[in-house]
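Engineer: Have a look at the structure that comes next, please.
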Amino acid sequence: MNPYVLSTLLFGLGLGTTITFASSHWLLAWMGLEMNTLAIIPIMAQHHHPRAVEATTKYFLTQATAAAMLLFASTTNAWLTGQWEIQQMTHPFPTTIITLALALKIGLAPVHSWLPEVLQGFDLTTGLILSTWQKLAPFALLLQMQPTEPTLLIILGLSSTLIGGWGGLNQTQLRKVLAYSSIAHLGWMILILQFSPTLTLLALLTYLIMTSSMFLTFKLNKCTNINSLSISWTKAPALTCLTPLILLSLGGLPPLTGFMPKWLILQELTKQELPGTATLAALTALLSLYFYLRLSYAMTLTMAPNNLTGTTPWRLYHTQLTLPLATFAMLTLLLLPLTPLMLALLNS
């Protein structure tokens, strides 16, 4: 793609998200989301592969449906209450529809089925944008709205953690595994949204860091399935040692960064006298942990160093910038001791 065109599209992508961040009026927020969607469509379809075009079409249709639902619900809210303000959502009907529209936009279960298929059709760079940057604008709206339907949010959260864990169990394609991982993490964020928006923000921040480091690792190794993962140690042996730790951080094991949001969310759910919800969420985290362990096993324990097949991919010099990967990997592994500082910053 022409660098001028690409920079214009990336500028549009950033501008759309920024408009949604800055808006307090539903029409302006909707306009930001539409700019965001229209800017990423050419980036998604740039490779002209049938699978990429199909995934782009699916993405466009789901995002257009969600945007139409959002516009309908905000207009209904203005009709019923006379308010266009995002913070003034008092009527339960438009609030429920907008919550479901934003759930469709980010890929929460049970409206998640587009996300694994769409992510599988893109390259790892576009997949990284879709899994991280594209979640920011809808979450900004959810945090501003503060939906007050406890049952709906708990159903969305628990079904996402369950389906995100269950769906990833039999996958061999890494992008689909990361899509189900994304669904599970988003479920944790939605679960705690009504009780502690600060924890939702913290969980989103740690999710962005961990997912970015995982995508950049796969991009450096040029891995798209489990088989190619098992011979990646010849390309970057040091990174192969770190990757299982990044995966375990995604799974939420102490003393890694991923443990922090899960620990604080379970603590908050228990304080809110929801021990059943907390137990179910903790058990569904075990499902996700299984497929992270499966990837770790495939990467570090399945291919002997003296095997002829393992030595085939030569260790050529790569042109990828490694500073972002090094930064995100370090943050993925070492942020747990800074939990009090992060909470203090987010609460201030």
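All letters in the sequence shown, in the order written, are residues 2 to 349 by this note's numbering.
Glycine included, every Cβ here is placed at the ideal spot set by N, Cα and C.
1) Let me check understanding here. Comparing Cα to Cα, which of Lys272, Leu202 and Met343 lies closest to Phe140?
2) Please report how far the alpha carbon of Ala330 lies from the alpha carbon of Ser214, in whole angstroms.
3) Between which two residues does the alpha helix (DSSP H) holding Val6 run?
4) Going by other Cβ atoms of all chains shown within 10 Å of its Cβ, with 16 needed for buried, is Thr280 buried or exposed?
5) Along the chain, where does the alpha helix (DSSP H) containing Phe1 start, and where does it finish?
6) For the alpha helix (DSSP H) containing Lys220, list its first residue and its last residue.
7) Could you spell out where the alpha helix (DSSP H) holding Ser114 opens and where it closes?
8) Just reading off the alpha helix (DSSP H) that Gly35 is part of, what are its end residues?
9) By Cβ distance below 7 Å, which residues in the same chain neighbour Gly169 in space, the five residues on each side in sequence not counted?
10) With DSSP as the reference, label Glu86 as helix, strand or coil.
11) If we count Cβ pairs, one from each stretch, closer than 8 Å, do we get three or more for the segment 183 to 191 versus the segment 102 to 115?
12) Below 8 Å on the Cβ atoms is my guess for Ile99 versus Leu71; work out the distance and round it to an integer in Å.
13) Measure the C-alpha to C-alpha separation of Ala327 and Thr207 and round it to an integer number of angstroms.
14) Expressed to the nearest angstrom, what Euclidean distance is found between the alpha-carbon atoms of Lys263 and Asn3?
15) Any chance the segment 152 to 163 sits against the segment 188 to 195, with 3 or more Cβ pairs inside 8 Å?
16) Thinking C-alpha only, which one of Leu137, Thr340 and Ala237 is nearest Lys223?
17) Let me make sure I understand the geometry here. Which of Tyr60, Leu175 and Ala102 has the alpha-carbon closest to that of Ala67?
18) Nearest to Gln88 by alpha carbon, out of Leu217, Met32, Trp27 and Gly252?
Structural biologist: Taking the geometry as given:
1) Leu202
2) 5 Å
3) Pro4 to Ala23
4) exposed
5) Nothing about residue 1 can be reported from this structure: the residues present for the chain run from 2 to 349 only.
6) Pro198 to Asn222
7) Per DSSP, Ser114 belongs to no alpha helix (DSSP H) and is neither H nor E.
8) Here the sequence assigns Glu to residue 35, which means Gly is not the residue at that position. Segment Trp27 to Met45, the alpha helix (DSSP H) holding Glu35.
9) Val178, Tyr181, Ser182, Ser289 and Phe292
10) strand
11) yes
12) 6 Å
13) 16 Å
14) 42 Å
15) yes
16) Ala237
17) Ala102
18) Trp27
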